[in-house]
Each structure stands twice: as structure tokens, then as C-alpha cells.
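Worksheet: one structure, shown below.
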Amino acid sequence: RLITLGSSISFTFLAEGTDTITVQVAAGNALIQDTKEIAVHEYFQSQLLSFSPNLDYHNPDIPEWRKDIGNVIKRALVKVTSVPEDQILIAVFPGLPTSAELFILPPKNLTERRKGNEGDLEQIVETLFNALNQNLVQFELKPGVQVIVYVTQLTLAPLVDSSAGHGSSAMLMLLSVVFVGLAVFLIYKFKRKIPWINIYAQVQHDKEQEMIGSVSQSENAPKITLSDFTEPEELLDKELDTRVIGGIATIANSESTKEIPNCTSV
1 RLITLGSSIS
11 FTFLAEGTDT
21 ITVQVAAGNA
31 LIQDTKEIAV
41 HEYFQSQLLS
51 FSPNLDYHNP
61 DIPEWRKDIG
71 NVIKRALVKV
81 TSVPEDQILI
91 AVFPGLPTSA
101 ELFILPPKNL
111 TERRKGNEGD
121 LEQIVETLFN
131 ALNQNLVQFE
141 LKPGVQVIVY
151 VTQLTLAPLV
161 DSSAGHGSSA
171 MLMLLSVVFV
181 GLAVFLIYKF
191 KRKIPWINIY
201 AQVQHDKEQE
211 MIGSVSQSEN
221 APKITLSDFT
231 EPEELLDKEL
241 DTRVIGGIAT
251 IANSESTKEI
261 PNCTSV
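Be aware that the sequence shown starts at 1, since it is given in the UniProt record's numbering, and climbs by one per residue.
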């Protein structure tokens, strides 16, 4: 069947187990083919895995290397937990940081009993997770390079105490900050529509204008210094001079106004 980029194909496997799938892509005279082995199981569980950072420095990001690392991880899990090798599958993802997925399969001899499979599988999962959480699953990549396998934590631990008291107080503080910010925003945005804010602003403006006017008037007023005032001695001399001059003027005036008798010759 021909498959294009806009279509897909589905296939139902009739039995559990490992199957080989071959994919071919043709474009003109070029033909590309890839073969993959897949495991088909009706019921299983999976868990994401992560590794210590030193593995990333030695990751060439090629399929052969990922397959070899998957086999090494599987042997390390079997060695620590004694879980049968056929119940563990490891798929290492391409790219960095290096990560993988652990698939836990039910025992083969119990495939006919679904409920029994689920119960046995839960015990295997618990055993594997305990070993991973205790950092017991390790392998040596090369001399001097020890890699630890971890369970990937999808959720982070809370940064603060999750008790009721601390949670309620933190929530109240957050709400208070939100309400204060909202009030400041509303006042700033609608301050022209609030009467008492306009009145207060007008009063403040008038006061500022009065203060500016009084300062400007005081600056424009003539400045009088102490040197402009006459000393008492000079003032007394001026007063005496005025009196003397006034007296002489009065005498002169009185003398000039006396009548001179007319002398006529007979």
C-alpha cells in the first residue's frame, strides 16, 4: 500500500511478542529503507528515566549507541532487582539531554490471566522503582565514568511550606497585593471622573499659584539697604540748616516788604 505524507496506515497485531517492521521511502530513483523491531503487549507499564549529566558528554546521538546503552541499562536493572530480562524493555530517546523510557512487561507464562498479570506487574514495578529511587542502578560507561539512572520526576516539590496556616497567609498576602494594585490602577485611570480628587487637585494647584505669586512679588519689591537710611547726625545738621535758611528768608522777606516813604520835592 502506498502511503503519502498526508495519509496513514493502521495494522492490528493478532498476538503479543516481538515483530519486525520495515519502512521504505521512494523518491524518483532513490529508495530509503529502515527496519525496526517493536514489542507488542496488551498490558504494560512505563516510566521515564534520566541520567547523571556526565552521560551527555559522551552521547554521539546515533541509533547504534542508543541501542547499546539501552541494553546496558537493562542488564544493570536485572542485576540489582533480579527481575527477568524478558520483562524489561529500554528505549533511549534521541537528542540531549539523554533520556529513556522503561517498559515493564507481565510474565509470559501468565498472559492468559489478565488479573494475575496486573497484580504481578505491580510488584515488579515497585521493586524497580525502589532500586531507582535509591540510586542503586548504575553502570560504567568507560573507565572512570560512572553513570547513575534516575526516575524522572514530572512534578517539582513545592518551594514553600504547604501547611494550611502558611498557605492561607500567603494567599491573603497575594490577594492584598492584587487589590492594592487594582485600586491604584483604577484611581490613576479614572481620576478625572472622581469629584473629590479633582477638588483636591484644584486646591493644591491654587495653593501652589498663591505661593508662586507671593514669591514673585517679594522678588519685584524694591530692596532697601542700611546705607539708604540717613545717620542721626546728618539728619540733625540738615534740620538746623533748614531752620537757619528759613529764618534768613523770613527776615529778608520782612525787610523787603517795608514801605519806603515817598519823598517829593516842594
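Virtual Cβ for every residue (Gly too), placed ideally from N, Cα, C.
Any heavy atom of the ligand PLP closer than 7 Å to the beta-carbon of residue i?
| i | result |
| --- | --- |
| I73 | Judged by which ligands are present, the structure shown has none, so any question about the ligand PLP falls away. |
Using the Cβ count rule (16 or more neighbours within 10 Å means buried), how would you classify residue i?
| i | result |
| --- | --- |
| A15 | exposed |
| I9 | exposed |
| I32 | exposed |
| L105 | buried |
| V178 | exposed |
| L182 | exposed |
| R243 | Caution is warranted here: a pLDDT of 49 is assigned to R243, below 50, making its placement in the model unreliable, and the coordinate value is therefore given only provisionally. That one is exposed. |
From residue i to residue j, what distance separates their C-alpha atoms?
| i | j | result |
| --- | --- | --- |
| N29 | T22 | 19 Å |
| D56 | K142 | 13 Å |
| E140 | P107 | 29 Å |
| A26 | T35 | 15 Å |
| D68 | G119 | 31 Å |
| V145 | N54 | 8 Å |
| L136 | T81 | 9 Å |
| E85 | T18 | 14 Å |
| S163 | V72 | Interpretation of S163 is limited by its pLDDT of 43, a score under 50 that renders its predicted location unreliable; the figure taken from the coordinates is listed afterwards. For S163 and V72, the distance between alpha carbons rounds to 43 Å. |
| T98 | S52 | 9 Å |
| V147 | S50 | 10 Å |
| H41 | V83 | 18 Å |
| Q24 | R75 | 33 Å |
| K79 | I124 | 14 Å |
| L132 | R66 | 20 Å |
| S176 | E64 | 58 Å |
Give the C-beta separation of residue i and residue j to the nearest angstrom, bearing in mind that I take them to be a contact with Cβ-Cβ under 8 Å.
| i | j | result |
| --- | --- | --- |
| A39 | G70 | 12 Å between Cβ atoms; not a contact. |
| G149 | Q134 | Per the sequence shown, the amino acid found at residue 149 is Val instead of Gly. With 8 Å as the limit, V149 and Q134 do not qualify as a contact, their Cβ atoms being about 11 Å apart. |
Can you check whether the CB of residue j is closer than 8 Å to the CB of residue i?
| i | j | result |
| --- | --- | --- |
| L48 | T152 | yes |
| L96 | N130 | no |
| S46 | E101 | yes |
| L77 | I62 | no |
| F93 | F44 | no |
| T12 | E37 | no |
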